[in-house]
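Undergrad: Chains as they are written, first to last, in our numbering: chain Y, 127 to 242; chain C, -18 to 93.
C-beta: ideal position from N, C-alpha, C; glycine also.
Model, not experiment: these values are computed from the prediction.
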Amino acid sequence: DAGITQSPRHKVTETGTPVTLRCHQTENHRYMYWYRQDPGHGLRLIHYSYGVKDTDKGEVSDGYSVSRSKTEDFLLTLESATSSQTSVYFCAISEGTGGRPHYGYTFGSGTRLTVV
Amino acid sequence: ILNVEQSPQSLHVQEGDSTNFTCSFPSSNFYALHWYRWETAKSPEALFVMTLNGDEKKKGRISATLNTKEGYSYLYIKGSQPEDSATYLCAFGTKGAQKLVFGQGTRLTINP
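(1) For Y/R162, report the span of its beta strand (DSSP E) as first-last.
(2) Taking Cβ-Cβ distances below 9 Å as the criterion, which residues of the region 25 to 44 of chain C are in contact with chain Y?
(3) Would you please verify whether the beta carbon of C/Y69 is less than 9 Å from any beta carbon of chain Y?
(4) Taking a contact to mean a Cβ-Cβ separation below 9 Å, would you say Y/L202 touches Y/V192 in this structure?
(5) In chain order, which alpha helix (DSSP H) runs of at least 4 residues are fully inside the region 25 to 80 of chain C?
(6) If you reduce the DSSP assignment to three classes, tell me which class Y/Q211 lands in.
(7) List the residues of chain C that Y/G129 touches, going by C-beta distances under 9 Å, in chain order.
(8) Should Y/G224 go down as buried or exposed, given a rule of 16 or more other Cβ atoms within 10 Å for buried?
(9) State yes or no: is the beta carbon of C/L(-8) nearer than 9 Å to at least one beta carbon in chain Y?
(10) For chain C, find out if any of its Cβ atoms is closer than 9 Å to the Cβ of Y/D182; answer yes or no.
(11) Once DSSP output is grouped into helix, strand and coil, what is the label at Y/S235?
(12) Kindly indicate which residue of C/V(-6), C/S(-12) and C/A13 has the alpha-carbon position closest to the one of C/A78.
(13) Run through DSSP, which three-state label would C/E20 get?
(14) Name the chain Y residues whose beta carbon is nearer than 8 Å to that of C/G86?
(15) Which value, in whole angstroms, describes the spacing of the CA atoms of Y/D127 and C/E26?
(16) Going straight from the alpha carbon of Y/Y231 to that of Y/A218, what length do you get?
(17) Locate the beta strand (DSSP E) running through Y/S191, then write down its first and last residues.
(18) Any idea what DSSP makes of Y/G168, helix, strand or coil?
(19) Using a Cβ-Cβ distance under 9 Å, would C/S5 count as near chain Y?
(20) Measure how close the beta-carbons of Y/R105 and Y/S235 come, nearest whole angstrom, since I'm counting them as under 8 Å.
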C-alpha cells in the first residue's frame, strides 16, 4: 500500500533459523503493528510500537521480538523459526492522537512466511 | 479481556440483494469502532471509523451505524455486486488504548 512496504513478500526458511521481517513507512506515523493471519483466527496482534524504541507485546508474542530504532522501520524477528509460525504477516501503521489510534489503520501487503 | 464478536461468520448473498451484518463490542469505555474490507490475497482497507453514538457513515452502497450504549454496529450493503465479496472486519478501541481489538470477520460471498 502507498506509504507502507513490507519485505520480503515471500520467504521459505528452515526450522530453527532466525528470520527478520521488515516494515517500512514513509508517513511518519507514530504507531506500528505486526499481525499474523491464520485460518480461523483472523488477525492476531504480535507486537506493536508507539514510538521509537517504545514497543509492547500483543496477544501472540511468544517466539517473536521487535525493534524500532527509527520512526520509519519496525522489524519483526522470529528468534528460532518453528512450523507453527508459518503464516501471513501483516504490518499496519496508524497516525493516532493522544495515544489513541482512532484513525484507520493502513496495512502493508503482507509477508507470506513458510517454515519447513 | 476485550471481546469483539461478528456475526454471521459467513454469508452468501445473491447479486442485487441487500445484506447486513453485526459487530458487537463492550459498551463501557468506548472510544472508536472501525470497519475494514479485506479482499482475498490483499490487505485490509479501512472503510469507516466511527466515534459517536448514533453515527452513520456511508461510502457508495456501503453504510454503517453505531450504537455505543448497547455495544453494536451494523454494516449494510445495498444491491450487492460480485466485487463486494470480501471479509469485513470490525475493530474496537477503548479510551487511551494504543491498539484496536479486531473481530474474526464476516466472510461475504456474492453469487452472480
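TA: Based on what the coordinates show:
(1) Its beta strand (DSSP E) spans residues Y157 to D164.
(2) Contacts with chain Y (Cβ-Cβ distance below 9 Å) from the region 25 to 44 of chain C involve P25, E26, A27, L28, F29, V30 and T32, listed in chain order.
(3) With 9 Å as the cut-off, C/Y69 does not count as an interface residue toward chain Y.
(4) Result yes, Cβ atoms of Y/L202 and Y/V192 sit closer than 9 Å.
(5) Complete alpha helix (DSSP H) runs here, min 4: none at all.
(6) Residue state, collapsed to three classes: helix.
(7) Counting only Cβ-Cβ distances below 9 Å, Y/G129 has no contacts in chain C at all, with the closest Cβ about 12 Å away.
(8) The predicted model places Y/G224 with a pLDDT of 43, which falls under 50 and marks its position as unreliable; any figure quoted below should be read in that light. That one is exposed.
(9) Taking CB atoms only, C/L(-8) has no neighbour in chain Y less than 9 Å away.
(10) Taking Cβ atoms only, chain C reaches closer than 9 Å to Y/D182, which makes this a yes.
(11) Looking at Y/S235 - three-state DSSP - the assignment turns out to be coil, as it is neither helix nor strand.
(12) That would be C/A13, whose Cα lies nearest to the Cα of C/A78.
(13) Three-state DSSP puts C/E20 in coil, outside helix and strand.
(14) Those are G168, listed as they occur along chain Y.
(15) Because the pLDDT of Y/D127 is 47, which lies under 50, any placement of that residue in the model is unreliable, and the question is left without a value.
(16) C-alpha separation (whole angstroms): 6 Å.
(17) Taken as a continuous stretch (DSSP letters only), the beta strand (DSSP E) holding Y/S191 covers Y190 to K196.
(18) Three-state DSSP puts Y/G168 in a strand.
(19) No, C/S5 does not count as interfacial toward chain Y.
(20) Nothing about residue 105 of chain Y can be read from this structure; chain Y reaches only from 127 to 242.
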